[in-house]
Amino acid sequence: MALQDLFSANLLTVNEVTNEKFEEVDAEGGTLLLDDGRRCESAKYRIPGFAQGSGSYSSGIHCIRFKVPRGILFVGIRSRNLPVQVDYYDGNTMYIKNSCTCGWYNTGLSVVHGESKDTNLKNSQSDRNNIYVLTLNCDERRLSITLQNGPQHDEMEVDLLRTPFPWRFCVQLSRLGGCLSLV
431 MALQDLFSAN LLTVNEVTNE KFEEVDAEGG TLLLDDGRRC ESAKYRIPGF AQGSGSYSSG
491 IHCIRFKVPR GILFVGIRSR NLPVQVDYYD GNTMYIKNSC TCGWYNTGLS VVHGESKDTN
551 LKNSQSDRNN IYVLTLNCDE RRLSITLQNG PQHDEMEVDL LRTPFPWRFC VQLSRLGGCL
611 SLV
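For the sequence shown, our numbering assigns the number 431 to the initial residue and increments by one for each residue that follows.
Encoded structure:
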């Protein structure tokens, strides 16, 4: 029985986040919140949208499931306690080009502390039925993304000096339109 207790102590508890919803959007009017905050989509063509989740994450492991019915978008985390910085990059409004943001585009690129990086992920924007799983491992300071029904997976370390706790879920919709639904 003591051996069983030892194994039980090493089991990880993963919190399936089902109560996440979007509560804050960009000031430029580029984002609509629908379905009681469980879906965000572009409100205006040629104006990128930005939405932030209601949850705060600083310990444990949390999984957020979502679908991307259309468009190109970024999904990830940012520090809740640092203000959103708007950057005008090559004529585009960007909300993720700062050091407190980490995550992925559904085109396969990642953003680590505001810097774009290549990944082994394939561009998956054409399959609207994909369910993604974003895992926030606060205990190990790691972020990962997985296609629920596929082999694609990528992860990154999060530097707490750049992206301090608590973390919050965030989405940037491209200026060409986009939509994300929490599952």
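Where is the CB? At the ideal position from N, CA and C, for every residue including glycine.
| request: Leaving out five residues on either side along the sequence, give the residues of the same chain with a beta carbon under 7 Å from the beta carbon of G485. | output: Numbered from its first residue, the sequence shown carries residue 485 at position 55. Excluding sequence neighbours, G485 sits near V447, E450, R598 and F599.
| query | In whole angstroms, what is the alpha-carbon distance linking E453 and Y475? | reply | By 1-based counting over the sequence shown, the position of residue 453 is 23. By 1-based counting over the sequence shown, the position of residue 475 is 45. For E453 and Y475, the distance between alpha carbons rounds to 21 Å.
| What residues are listed by DSSP as bridge partners for H583? | Mapped onto the sequence shown, residue 583 falls at position 153. H583 is bridged to T576.
| said: Taking 7 Å as the limit between beta carbons, can you name the residues of its chain near A473, skipping five residues before and five after? | reply: What you label residue 473 is simply residue 43 of the sequence shown in a count that begins at 1. Around A473: G459, G460, T461, L462 and G479.
| task | Evaluate contact between the region 482-497 and the region 539-547, counting only Cβ atoms and requiring at least three cross-stretch pairs below 8 Å. | result | Because the criterion of three Cβ pairs below 8 Å is not met, the region 482-497 and the region 539-547 do not touch.
| said: Check this for me: beta carbons of L610 and V601, under 7 Å apart or not? | reply: Taking the first residue of the sequence shown as 1, we reach residue 610 at position 180. Taking the first residue of the sequence shown as 1, we reach residue 601 at position 171. In contact: L610 and V601 (Cβ atoms closer than 7 Å).
| field | K489 versus R508 - alpha carbon distance | value | The count along the sequence shown starts at 1 and reaches residue 489 at position 59. The count along the sequence shown starts at 1 and reaches residue 508 at position 78. For the sequence presented, residue 489 should be read as Ser rather than Lys. Cα to Cα, S489 sits roughly 15 Å from R508.
| Contacts around H492, its chain only, beta-carbon distance under 6 Å, and the 5 residues preceding and following it disregarded | In the sequence shown, residue 492 corresponds to position 62, counting from 1. Correct list, in chain order: N445, V447 and L566.
| query | Which word fits G608, buried or exposed, when buried means at least 16 other C-beta atoms lie within 10 angstroms of its C-beta? | reply | The residue given as residue 608 occupies position 178 in the sequence shown. With 16 or more other Cβ atoms within 10 Å, it is buried.
| request: Counting only the same chain and skipping the five closest in sequence on each side, list residues whose C-beta sits under 8 Å from that of S546. | output: Here residue 546 refers to the residue found at position 116 of the sequence shown. So the list reads L539 and S540, once near-sequence residues are dropped.
| What's the C-alpha gap between L512 and N522? | On the sequence shown, residue 512 is found 82 positions in, with the first residue counted as 1. On the sequence shown, residue 522 is found 92 positions in, with the first residue counted as 1. Near 22 Å, if we compare the C-alpha coordinates of N522 and L512.
| field | Rounded distance between the beta-carbons of L564 and G615, thought under 8 Å | value | This structure does not reach residue 615, given that the chain is present from 431 up to 613, and the question cannot be answered.
| request: Leaving aside the five residues before and after G559 along the sequence, list all residues of the same chain whose C-beta is less than 8 Å from its C-beta, in chain order. | output: Walking along the sequence shown from the start, residue 559 turns up at place 129. Reading off the sequence, residue 559 comes out as Asn, not Gly. So the qualifying residues of the chain are K497.
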